[in-house]
Amino acid sequence: MDLPVTNTRLGASAAPDEAVQRARVEQAAIKFEAFFVGQMLRQMRQGTQALAGEDSPFKDRIHQDMLDIADTQVADTMARQRAFGIADVILRQLMPTAAPLVATALKSGPDPVALTGEGAGASPADPLEQAPTP
1 MDLPVTNTRL GASAAPDEAV QRARVEQAAI KFEAFFVGQM LRQMRQGTQA LAGEDSPFKD
61 RIHQDMLDIA DTQVADTMAR QRAFGIADVI LRQLMPTAAP LVATALKSGP DPVALTGEGA
121 GASPADPLEQ APTP
């Protein structure tokens, strides 16, 4: 038996509006992607420190707090840009009806890694074909 919960005092339905629900799910997906990317960056930094030599600047832990803050900022920025696509996959799983909106939003914006100038339109194999032979 599914009855909507209503606030008798205000007479309003407690069920959130679909747009509000979608925004909450999207924010949660973006935050998860930021967390995931942040964890990858932290693991990368720990691996770099473990492999660094004794005289390497990467071995020094003096600036660790600032590097953690920087990693968090980079992860947040990448998640907002949906660089890894983790948030999009989560949205497709949790809200299948929103999948066309996600695909449209991704295709409508400019390609952040598109080449401009002389490299535009070149395929990855082109530089190899033009390489001088020894």
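Just so you know, the sequence shown maps onto residues 1 to 134 in UniProt numbering. Ideal Cβ positions, reconstructed from N, Cα and C, are used throughout, including at glycine. Model, not experiment: these values are computed from the prediction.
Two segments are said to touch when three or more pairs of C-beta atoms, one from each, lie closer than 8 Å; by this definition the region 47-64 does not touch the region 74-84. Assigned with DSSP and collapsed to three states, R61 falls in coil, not helix or strand. Assigned with DSSP and collapsed to three states, R82 falls in coil, not helix or strand.
For G47, the uninterrupted alpha helix (DSSP H) segment begins and ends at E18 to L51. By the Cβ rule, the region 20-28 does not count as touching the region 42-62, because fewer than three pairs are nearer than 8 Å.
With contacts defined by Cβ atoms closer than 8 Å, F36 and I86 form a contacting pair. Within the model, the alpha-carbon separation for M95 versus F32 is close to 16 Å. The three-state reading of DSSP puts D76 in helix, counting H, G and I together.
The beta carbon of F84 is closer than 8 Å to those of E33, F36, V37 and M78 in its chain, skipping five residues each way along the sequence. Between L67 and the set A28, A19, T97 and Q43, the nearest pair of CA atoms involves Q43. The beta carbon of L41 sits closer than 7 Å to those of D71, V74 and A75, all from its chain and outside the five residues before and after it, given in chain order.
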